[in-house]
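*Asks:* Numbering of the sequence shown is given in my numbering, commencing with residue 27 and proceeding in unit increments. We put the CB at the ideal spot given by N, CA and C, even for glycine. Predicted, not measured: the structure shown is a model, and the values here were computed from it. Structure in structure tokens, see below.
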Amino acid sequence: MKTSIVAILALFTLAVPAWSQTPDTVLINGKILTVDDRDSVREALAIQGGKILAVGTTADIRKSAGPRTRVIDLQGRTVIPGLIDSHLHAIRAGLTFGTEVNWVGVPSLAEALDRIRQQAASAKPGTWIVVGGGWSMNQFRERRRPTQAELEAAAPNNPVYVQMNYAWVAMSRSGFKLLNISSDADLPQGARLEKDAGGNLTGAITGNQPGIVALFDKLPRPTFEQQVDGTRRFFRELNRLGLTGVGDPGGNNLPPSEYQALFKVWRDHQMTVRVTYSLNGQTAGSEIEEFQSLTRLLPAAFGDDMLRFSGPGERVTWAMNNNDNPSDADKANYYQIAKWAAERGMSLTMHWNNNASVDHLLTLFERLNREVPIRNLRWSIAHLNDASPQSLQRMKALGMGWTVQDMLYFSEDASRTLPPVMTAKKLGVPVGAGTDAHRIASYNPFTSLQWLLDGKTAAGVALRRVDDTPTRNDALRFYTIGSAWFSHDEDKRGSLEVGKLADLAVLSKEYLSVPTDQIGSIESVLTMVGGKVVYAAGAYRQLEETR
Ligand SMILES: [Zn+2]
């Protein structure tokens, strides 16, 4: 009986009609960096039903095409798996992308002010003009921040708010008036009016992270329609840069109420970036109750290939957030949440900056792992730029990964060391690349890739290295299959292999051979998510399906 079933199954396999194996799209004559185990480079690739059907030579792939197959001639261009930023605050960035002024990658302050001028020219008088971050004065030729007078000259009829990092905000006088700020007493706790050496107000506000976060919250929010539009446009902007996936770590100014725009884009089948999202602790002291209530009907990994819930992070509790000296009570509270998450099979990602204090966190996870194993849950630490081999070894033993961002790209401090990504690789710690955009950093993955390779900051300062420079293949691996690991997706995406999702980008320049200082200027000319063209430019313009 068994034999006959096998025989019938075999017959059935043979009887599958030829059309089901005919690709709907083929890409030929290219240089396809597959990011498979051997970093194979192939000429051509076939796609069917959103997945990769075959990779091989142009001759073979061309032969498999049928009369209805769409044939895309790459004309020698490089193709990479769609990039995945393992730590990008994309949900928040999308909410304001349609309404904020974008200074990402702008090379001069003059040009940056020009962007404010342009926005002011079309904005209704009195509406806010906001720059929400993603820039640093080190990227400007002028090496300085804008003055209040410059903001007012650029937008004489609009209040202006310009935020740098979570540390500094400049506003026009009309902005101060609208927010009723005339003294330190009017500012959120942790923020104060900036004074120059002579004790005069500069028109700027300095502060710590909670202070600046609370200040931002005083600005009017975009309407829901603007948020939905901004989300779609932000995803398209990421597609322009070859991104097809992000791990979203929640973040400041992003309470659960702010996810509705994303959910609408998902419901409308308009997602062009795959999003795996984490959930932050919101209210100091009652995070556990919040997590429980917010996830009662939201199990780990719930969602689909376009939108999926991951677990707690990157701020799990306020008390342990940026705290190098947590108390026993802080740790007990955190432990309770971590245990709760582990028991539910959730992934947890944790923001931690300093290796000197990470023992607090690792000791806690080690204790938890003895009680409720987390080894297979793909927990991770984000940032930790100065991770020591010892910390990485402890992470490896816990089955943890490390998400690495290019925050130091904006640094001025040449004594800083690049994150030891090759040490991590050698120790077997999964590394996912990314940016931490868009308040802290630019979201441009090619800026981040170039920085991983040459270690140079926006101001051109070369940072120190503790270990070998990654090869271009290594860096690409971190940004693709490396990042896919964090959402248990490395068998589904992150490389261009048979059976995987057809997420890819055709690049404007040859990633493997251009001079390193040109990597930052690479863009995609054709981006596909699940075989669908979500962005196309130049010669491929007419192929875009989402416009
Ligand atoms: Zn963080």
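So the candidates are 310, 338 and 332; which of them puts its Cα closest to the Cα of residue 321?
*Replies:* With distances taken between Cα atoms, residue 321 lies closest to 338.
*Asks:* Assign residue 295 to buried or exposed, taking buried as 16 or more other Cβ atoms, counted over all protein chains shown, within 10 Å of its Cβ.
*Replies:* With fewer than 16 other Cβ atoms within 10 Å, it is exposed.
*Asks:* Alpha carbon to alpha carbon, how far is residue 229 from residue 420?
*Replies:* Taking the straight line from one Cα to the other gives about 47 Å.
*Asks:* Grab the span of the beta strand (DSSP E) containing residue 197 for me, first residue to last.
*Replies:* From DSSP, the beta strand (DSSP E) with residue 197 extends over 194 to 197.
*Asks:* Beta-carbon separation of residue 413 and residue 436 under 9 Å?
*Replies:* In this structure, residue 436 does not lie closer than 9 Å to residue 413 by Cβ.
*Asks:* Give the DSSP-derived three-state secondary structure of residue 560 in the structure shown.
*Replies:* Strand.
*Asks:* Provide the residue span of the alpha helix (DSSP H) that contains residue 360, from first to last.
*Replies:* Segment 354 to 369, the alpha helix (DSSP H) holding residue 360.
*Asks:* Ends of the beta strand (DSSP E) at residue 282?
*Replies:* Residue 282 -> no beta strand (DSSP E), and no H or E assigned at all.
*Asks:* Indicate, with yes or no, if ligand 1 has a heavy atom lying under 8 Å from the CB of residue 408.
*Replies:* Answer for residue 408: yes, Cβ within range of ligand 1.
*Asks:* Please classify residue 524 as buried or exposed, where buried requires at least 16 other C-beta atoms within 10 Å of its C-beta.
*Replies:* Counting Cβ neighbours within 10 Å, residue 524 comes out exposed, since fewer than 16 surround it.
*Asks:* Start and end of the beta strand (DSSP E) containing residue 79?
*Replies:* Segment 77 to 82, the beta strand (DSSP E) holding residue 79.
*Asks:* Tell me whether residue 275, by its Cβ, gets closer than 8 Å to a heavy atom of ligand 1.
*Replies:* For ligand 1, at least one heavy atom lies less than 8 Å from the Cβ of residue 275.
*Asks:* Report yes if the C-beta distance between residue 383 and residue 411 is below 9 Å; otherwise report no.
*Replies:* No; because the gap between Cβ atoms is not below 9 Å, this pair is not in contact.
*Asks:* Run through DSSP, which three-state label would residue 388 get?
*Replies:* In the structure shown, residue 388 sits in a helix (DSSP, three-state: H, G or I).
*Asks:* So, at 6 Å on beta carbons, what are the nonlocal neighbours of residue 555 in its own chain, with the 5 sequence-adjacent residues on each side left out?
*Replies:* These residues qualify, in order along the chain: 270, 298 and 529.
*Asks:* Which same chain residues end up closer than 6 Å to residue 456 when comparing Cβ atoms and leaving out the 5 residues on each side of it in sequence?
*Replies:* Result list for residue 456: 427 and 511, in chain order.
*Asks:* If we ignore side chains and look at the alpha-carbon of each, how far apart do residue 181 and residue 268 end up?
*Replies:* Their Cα atoms are separated by approximately 34 Å.
*Asks:* Return the CA-CA distance between residue 198 and residue 240, expressed in angstroms with no decimal places.
*Replies:* In a straight line, the C-alpha of residue 198 is about 18 Å away from that of residue 240.
*Asks:* Specify, as a first and last residue, the run of the beta strand (DSSP E) that residue 451 falls within.
*Replies:* Not the beta strand (DSSP E): residue 451 falls in the alpha helix (DSSP H), residues 447 to 453.
*Asks:* Would you mind giving the Cβ-Cβ distance between residue 487 and residue 459, rounded to the nearest angstrom? I have them listed as a contact below 8 Å.
*Replies:* The Cβ separation is near 21 Å, so there is no contact.
*Asks:* Who are the Cβ neighbours of residue 559 in its own chain at under 6 Å, not counting the five residues just before and after it?
*Replies:* For residue 559, where only same-chain residues beyond five positions count, the Cβ hits under 6 Å are 569, 570 and 571.
*Asks:* At what residue ranges does the stretch 213 to 282 contain a whole run of the alpha helix (DSSP H), taking only runs of 4 or more?
*Replies:* The qualifying runs are 235 to 242 and 250 to 266.
*Asks:* Of all the options 453, 112 and 398, which has the alpha carbon lying nearest to the alpha carbon of residue 366?
*Replies:* Of the listed residues, the one whose Cα sits closest to residue 366 is 398.
*Asks:* Any heavy atom of ligand 1 closer than 8 Å to the CB of residue 113?
*Replies:* Yes, Cβ of residue 113 sits closer than 8 Å to a heavy atom of ligand 1.
*Asks:* My output table needs one value for residue 187: the three-state DSSP class, helix, strand or coil.
*Replies:* If DSSP states are grouped into helix, strand and coil, residue 187 belongs with the strands.
*Asks:* With a threshold of 8 Å, establish whether the CB of residue 377 neighbours any heavy atom of ligand 1.
*Replies:* Yes, Cβ of residue 377 sits closer than 8 Å to a heavy atom of ligand 1.
*Asks:* Beta carbon of residue 115, beta carbon of residue 276: below 9 Å?
*Replies:* In this structure, residue 276 lies closer than 9 Å to residue 115 by Cβ.
*Asks:* Distance check for residue 516 and residue 113, CA to CA, integer angstroms please.
*Replies:* Rounded to whole angstroms, residue 113 to residue 516 spans 16 Å at the Cα level.
*Asks:* Reducing DSSP to helix, strand and coil, say where residue 166 ends up.
*Replies:* Of the three classes helix, strand and coil, the one that applies to residue 166 here is coil, per DSSP.
*Asks:* Taking 8 Å as the threshold, find out whether the stretch 437 to 444 comes into contact with the stretch 498 to 509 through three or more Cβ pairs.
*Replies:* Not touching, per the Cβ criterion.
*Asks:* Here's a check: name, in chain order, each residue in its chain whose Cβ is nearer than 6 Å to the Cβ of residue 178, leaving out the five neighbours to either side.
*Replies:* 198, listed in sequence order.
*Asks:* Counting only the same chain and skipping the five closest in sequence on each side, list residues whose C-beta sits under 6 Å from that of residue 536.
*Replies:* Counting only Cβ-Cβ distances below 6 Å, and skipping sequence neighbours, we find 104.
*Asks:* Determine the extent of the alpha helix (DSSP H) in which residue 96 is found, giving its start and end residues.
*Replies:* Residue 96 -> not in any alpha helix (DSSP H); beta strand (DSSP E) instead, spanning 96 to 99.
*Asks:* Could you name the residues of the same chain whose beta carbon sits closer than 8 Å to that of residue 80, not counting the 5 residues immediately before and after it, in chain order?
*Replies:* Around residue 80: 49, 71, 72, 86, 87, 90 and 524.
*Asks:* Considering only heavy atoms of ligand 1, does any lie closer than 8 Å to the CB of residue 462?
*Replies:* Flag set: Cβ of residue 462 near ligand 1.
*Asks:* Between residue 290 and the rest of its own chain, which residues show a CB-CB distance below 6 Å, the 5 nearest in sequence each way excluded?
*Replies:* These residues qualify, in order along the chain: 254.
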